[in-house]
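The numbering used here numbers the first residue of the sequence shown as 175 and each following residue consecutively. Below you'll find the structure, written out as structure tokens, and then a few comments.
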Amino acid sequence: MNAKTLDLKVYISEEKIKQTVERIGKELTTKFKGKKVVAVCVLKGSFLFFSDLIRQIDTDITCEFFGVSSYHGGTSSSGEVKVTLDLASPVEGQHVILVEDIVDTGLTMNYLRKAIESRSPASLTTVTLLEKPDALKVPCQLDYVGFKITNEFVVGYGLDYEGFYRNLPYIAQVQNLQ
Ligand code: 5GP
């Protein structure tokens, strides 16, 4: 299968992403310095943001991976969250940093928050690179947000369209969908 050729416009440059990742990393370092934390990467979309972010957090970190899918390949959320990979270790009594790529309707983040809270962590801090405030359908507590963006479909830096475009080093808006 070939990737559908999308007409892309750079929306958030590599340089801006780097600066924002550094800023959030510094803030998390200030919050957690001297403590042990578990950073949870929400797969698949946040793997690039996660790997850049954890390198900016200067404290003892272990990494966990939580696989969920809600889009099923298209461009609008199904509203249904399916777990594709559960955490490999318990997070009870630990400081958890949950790292998402994008919050759209908020349903996935809400689901993840409940799923982690039910495992009794010492604390839960939520981080998302992108937030679409106009698309929010449920109240969603986000502790750190990289960029607030308009309600349009974006790809790149981990975010896909039908599985492709995750390897773009920047975030792009798609001009020619439908
Ligand atoms: P929510 O549950 O907040 O509606 O959706 C969250 C998930 O939908 C994200 O983790 C991401 O996988 C996907 N998503 C939401 N908006 C976009 C977008 O603009 N582009 C891409 N590629 N995925 C999105």
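No residue lacks a Cβ here, since even glycine has one placed at the ideal position from N, Cα and C. Just so you know, these numbers come straight off a predicted model, no measurement behind them.
- T299 and L182 have their C-alpha atoms spaced approximately 33 angstroms apart.
- Residue pairing of F239 in beta bridges, as defined by DSSP: C215.
- As DSSP reads the structure, D278 sits in no beta bridge.
- Nearest Cα to V270 within the set G219, E188, C215: C215.
- For the ligand 5GP, a non-hydrogen atom lies closer than 6 angstroms to the CB of D278.
- For E305, the uninterrupted beta strand (DSSP E) segment begins and ends at 297-305.
- For G199, the enclosing alpha helix (DSSP H) has its first and last residue at 188-206.
- DSSP places F321 in the uninterrupted beta strand (DSSP E) bounded by 318-322.
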